[in-house]
Amino acid sequence: MNKIDPTVRRETAYTALWVAVGTLLLQGVCLIVGWWSLPVLLGNLLGAVTAVANFLLMGLTIQKALPQDKKQAANTIRLSQGLRLLMQGLILVLAAVLPTVFNVYATAIPLLIPRVGVMLRPLLGKEDPVPVVTPVPADEDEDDEDE
Amino acid sequence: MLELALGILLGGCAVGAGLAMIAGIGPGIGEGNAVAKACEAIGRQPESKGDVTSTMITGCIIAETTGLYGLVIAILLIFVAPKQFVNILMETIGK
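As given, the protein sequences belong to chains A and B, one line each in that order. Last residue of the first sequence: 348 in the numbering used here, with the numbers rising by one and none dropped. Last residue of the second sequence: 694 in the numbering used here, with the numbers rising by one and none dropped.
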């Protein structure tokens, strides 16, 4: 199995944090308003896990696609996006056909939380990109020394 | 007459769900183009790989949520909305 890129790991952790906060907020709102029930909790958890898994899979696909050539990378991402959309669709269908186990609204809302996290990022803090050490090819080193 | 109204209602929900899923096509194409350009950028400047990846992941998640909105609307139109619309129709006829 390939090692997960530090950037992908960091972004997934950030998204997972936002999804956890959003899920807790949603549960709190449901408790206050009086809509809370077990299907809401289970649906929320299912949606949260799916949202984080979707983000991680997207990051891993990007990591896999970056070293490829342009056309192949675009095709890889398109295929991955279609499959991930299908996965999320199936999860939502599962929630919709089992209303006694999952609440479909509570399942759908956490899927949209990562966007909220991304959009609030500039407001909440600064960017701190992970320093990535890229190995310099040996030929270039030699060229530099010659110059 | 009631059958016709129900047919139009359910057909409208199905057509609406299909139209909503058109939103799923765009993000795939957009993400593919973004990654292709990122490959180009990293090829030119390998030292910016971390920054480019981070920015691209952010862009991809924003693009992808657009497709997700369509998906959620389609699922709700197929599985949730018909029952509520039928209830509204029945209440209206009952009055």
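Even for Gly, the Cβ is constructed at its ideal location relative to N, Cα and C. For clarity, every value in this text was computed on a predicted model and none was experimentally measured.
For residue i, tell me which candidate among the options has the shortest Cα-Cα distance.
i: lysine 271 of chain A; options: B/Glu663, B/Ala633, B/Ser653; result: B/Ala633
i: serine 238 of chain A; options: A/Pro300, A/Gly290, A/Val294; result: A/Pro300
i: valine 679 of chain B; options: A/Ala296, A/Val241, A/Arg285; result: A/Ala296
i: isoleucine 310 of chain A; options: B/Glu630, B/Ile624, B/Gly617, B/Thr664; result: B/Thr664
i: alanine 221 of chain A; options: A/Lys204, A/Ala249, A/Val241; result: A/Ala249
i: valine 614 of chain B; options: B/Ile687, B/Pro681, B/Asn686; result: B/Pro681
i: alanine 316 of chain A; options: A/Trp219, A/Pro207, A/Ile205; result: According to the sequence as given, residue 316 of chain A is arginine; it is not alanine. Measuring from the Cα of arginine 316 of chain A, the nearest candidate turns out to be A/Trp219.
For residue i, does the three-state DSSP call read helix, strand or coil?
i: aspartate 347 of chain A; result: Residue placement at aspartate 347 of chain A is poorly supported in this model, since its pLDDT is 49, which falls under 50; the coordinates still yield a value, given next. In this structure, aspartate 347 of chain A counts as helix in the three-state DSSP scheme.
i: isoleucine 205 of chain A; result: coil
i: phenylalanine 678 of chain B; result: helix
i: alanine 604 of chain B; result: helix
i: leucine 313 of chain A; result: coil
i: asparagine 304 of chain A; result: coil
i: proline 626 of chain B; result: helix
i: proline 240 of chain A; result: helix
i: glycine 617 of chain B; result: helix
i: glycine 223 of chain A; result: helix
i: proline 268 of chain A; result: coil
i: alanine 673 of chain B; result: helix
i: threonine 262 of chain A; result: helix
i: leucine 299 of chain A; result: coil
i: glycine 235 of chain A; result: coil
i: glutamine 644 of chain B; result: coil
i: leucine 286 of chain A; result: helix
Assuming the contact rule is C-beta atoms closer than 8 Å, residue i and residue j should be a hit. Round their C-beta distance to whole Å, please.
i: glycine 244 of chain A; j: valine 305 of chain A; result: 7 Å
i: leucine 667 of chain B; j: leucine 313 of chain A; result: 6 Å
i: glycine 631 of chain B; j: isoleucine 278 of chain A; result: 5 Å
i: isoleucine 660 of chain B; j: valine 319 of chain A; result: 5 Å
i: methionine 600 of chain B; j: leucine 670 of chain B; result: With 8 Å as the limit, methionine 600 of chain B and leucine 670 of chain B do not qualify as a contact, their Cβ atoms being about 34 Å apart.
Any beta carbon from chain E within less than 7 Å of residue i's own beta carbon?
i: glutamine 228 of chain A; result: In summary, chain E is missing from the structure at hand, where the protein chains are A and B.
For the segment 213-225 of chain A, which residues have a beta carbon sitting closer than 7 Å to at least one beta carbon of chain B?
none
Counting beta carbon pairs with one atom in the segment 221-230 of chain A and one in the segment 663-676 of chain B, are three or more of them shorter than 8 Å?
no
Where the segment 615-629 of chain B meets chain A: residues whose CB sits under 8 Å from a CB there:
Gly623, Pro626, Gly627, Ile628
Take every Cβ of the segment 644-655 of chain B, pair it with every Cβ of the segment 282-291 of chain A, and state whether three or more of those distances are shorter than 8 Å.
no
Take every Cβ of the segment 212-225 of chain A, pair it with every Cβ of the segment 248-260 of chain A, and state whether three or more of those distances are shorter than 8 Å.
yes
Can you pull out the residues from the segment 632-658 of chain B whose beta carbon lies closer than 7 Å to at least one beta carbon of chain A?
Asn632, Val634, Ala635, Ala637, Cys638, Glu639, Ile641, Pro645, Glu646, Lys648, Gly649, Asp650, Thr652, Ser653, Met655, Ile656, Thr657
Positions along the segment 677-690 of chain B whose CB lies within less than 7 Å of some CB in chain A
Phe678, Val679
Any residues in the segment 232-266 of chain A with a beta carbon nearer than 9 Å to a beta carbon of chain B? Which ones, in chain order?
Asn255, Phe256, Met259, Gly260, Thr262, Ile263, Gln264, Ala266
Determine which residues of the segment 302-314 of chain A have a Cβ less than 8 Å from any Cβ of chain B, and write them out in chain order.
Val305, Ala309, Leu312, Leu313
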